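Enquirer: Got a structure for you, written out below as C-alpha cells; questions coming shortly.
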Amino acid sequence: MANRLQGKVAAITGAGMGLGQAVATLFASEGAQVVVGEIKGEEGRETVSRIQTQGGEAILVEMDVRLGEDAERLTRAAVDKYGRLDILVNNVGVQINKDVVDTSEEEWDFVVDTNLKSMFLCSKYAVAQMRRQGGGNIICVSSLSGLVGNGLQASYNASKHGVIGLVRSMAVDHAVDNIRVNAVCPGSMNTPLTETIPEEKLAPYREANLMRRFAAPEEIAKAVLFLASDEASFVTGSVLVADGGYTTL
Ligand SMILES: NC(=O)c1ccc[n+]([C@@H]2O[C@H](COP(=O)([O-])OP(=O)(O)OC[C@H]3O[C@@H](n4cnc5c(N)ncnc54)[C@H](O)[C@@H]3O)[C@@H](O)[C@H]2O)c1
151 MANRLQGKVA
161 AITGAGMGLG
171 QAVATLFASE
181 GAQVVVGEIK
191 GEEGRETVSR
201 IQTQGGEAIL
211 VEMDVRLGED
221 AERLTRAAVD
231 KYGRLDILVN
241 NVGVQINKDV
251 VDTSEEEWDF
261 VVDTNLKSMF
271 LCSKYAVAQM
281 RRQGGGNIIC
291 VSSLSGLVGN
301 GLQASYNASK
311 HGVIGLVRSM
321 AVDHAVDNIR
331 VNAVCPGSMN
341 TPLTETIPEE
351 KLAPYREANL
361 MRRFAAPEEI
371 AKAVLFLASD
381 EASFVTGSVL
391 VADGGYTTL
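Counting with my numbering, you get residues 151 to 399 for the letters of the sequence shown.
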C-alpha cells in the first residue's frame, strides 16, 4: 500500500465493474475506506470481496444513482459506517448510440438521468456533508464525448458535456467550502460497456487515438487517484483528459 488516501473515506458509484471497480480497488490499496455504490448487488459484492481479500476496507450500498433517496443513502452510509465522506467519485455512465431523430424521449431521459442528473444528486448530499466536516473532493467521470461531437451519440454527448459544466459550476461554488471538484475525460477503455458495442463501431475509435489501442480501466483509475489525492491540492474545476491523444487530432 502506498497510502496516498490513508484515513480517507471514498464513495464510488458504479463500482461493480469496469472503471468504477478499478477505482475502488486502487483507492482501497491506497488506504481509503471505500463505499461501493452499485445497482447490481452481485457485482457490488464482488468488488467489496476483492477489496477485503486484499486486506482493505469496504461496504456495499445497493442503489440506483438516478434516485434522490438513494443518493442521500450513499452519503449517509459512509457517515454511519466510517464517520465522514472525503471523496465522491461520480462514475456511473450508460450509452445509447443514436442520433436525435431515432432517440426516444425515454432513451434520452434514461441516459441524461443516469449520466448527469445522478451526478447532481450524489453531489448534492455529498457536498452538504463535506461542508459540515470542513472539506472534501469530488471527481466526475465525463468522456472524450464531453469534449467533442461523436456520431450517433446525441444523448451521451449531451450528458457528458453537461458533466463538465456541472463540475465547473460546483468548483466555483464550493472552493470556499474547501471542496475540490474535477472531471476526468477517458478515451475508450476495455470495460463491459465497450464489450457490448460491435467491433466495427469500436475500430475507428481505436484507430483515432495516438496510442492505437483502448485504455485499461486501471490506467484511467490512476488519473482519478491523482485528482483524489493531496498531490492535486491546487487542482479544481479542471478537466483531466486521458484519451490516448484522441482529442488532439
Ligand atoms: N468504457 C469506455 O470506453 C468509456 C470511455 C469514456 C468514458 N467512459 C465513462 O466511464 C464511466 C465508467 O464506464 P465503464 O465503461 O466502466 O462502464 P460499465 O458499464 O463497465 O460499468 C458501469 C457500472 O455502473 C453500474 N450502474 C449502471 N447504472 C447504474 C445506476 N443507475 N445506479 C448505480 N449503478 C449503476 C453498472 O452496473 C456497472 O457496474 C462512465 O461514466 C462512462 O460513460 C467510459
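Ideal Cβ positions, reconstructed from N, Cα and C, are used throughout, including at glycine.
Bear in mind the structure is a predicted one, so any value in this text is a computation, not a measurement.
If we require 4 or more residues per run, which alpha helix (DSSP H) segments fall completely within the segment 290-354?
Expert: Those alpha helix (DSSP H) runs which fall completely within the segment 290-354 and span 4+ residues are 304-324, 342-345.
Enquirer: I'd like to know whether the C-beta atoms of Trp408 and Ser305 end up nearer to each other than 8 angstroms.
Expert: Since the displayed the chain opens at 151 and closes at 399, residue 408 lies outside it and no answer follows.
Enquirer: Within 7 angstroms: the Cβ of Asn247 and any heavy atom of ligand 1?
Expert: Outside the cutoff, so no.
Enquirer: Starting from the C-beta of Asn340, find all residues in its chain whose C-beta is less than 8 angstroms away, skip the five residues before and the five after it, and write them out in chain order.
Expert: So the qualifying residues of the chain are Phe364, Ala365, Ala366, Pro367.
Enquirer: Which whole-angstrom value describes the C-beta separation of Asn241 and Val291, a residue pair presumed to lie in contact below a C-beta threshold of 8 angstroms?
Expert: Sure, about 5 angstroms apart at Cβ, within 8 angstroms.
Enquirer: Any idea if Asp236 is buried or exposed, counting beta-carbon neighbours within 10 angstroms, 16 or more meaning buried?
Expert: With 16 or more other Cβ atoms within 10 Å, it is buried.
Enquirer: Can the beta-carbon of Leu155 be found less than 8 angstroms from the beta-carbon of Ala378?
Expert: Contact: yes.
Enquirer: Residues in its own chain within less than 8 angstroms of Ala278 by CB, not counting five upstream and five downstream?
Expert: Excluding positions up to five away in sequence, the list reads Thr225.
Enquirer: If the criterion is Cβ atoms closer than 8 angstroms, does the pair Val261 and Ala160 meet it?
Expert: No, they are not a contact pair.
Enquirer: Can you tell me whether DSSP reads Ile209 as helix, strand or coil?
Expert: Strand at Ile209.
Enquirer: Determine the DSSP secondary structure at Thr386, reduced to helix, strand or coil.
Expert: Reduced to three states, the DSSP call for Thr386 is coil.
Enquirer: Gly243: which of Arg330, Lys190, Thr264 sits nearest, CA to CA?
Expert: Residue Thr264 is the option with its Cα nearest to Gly243.
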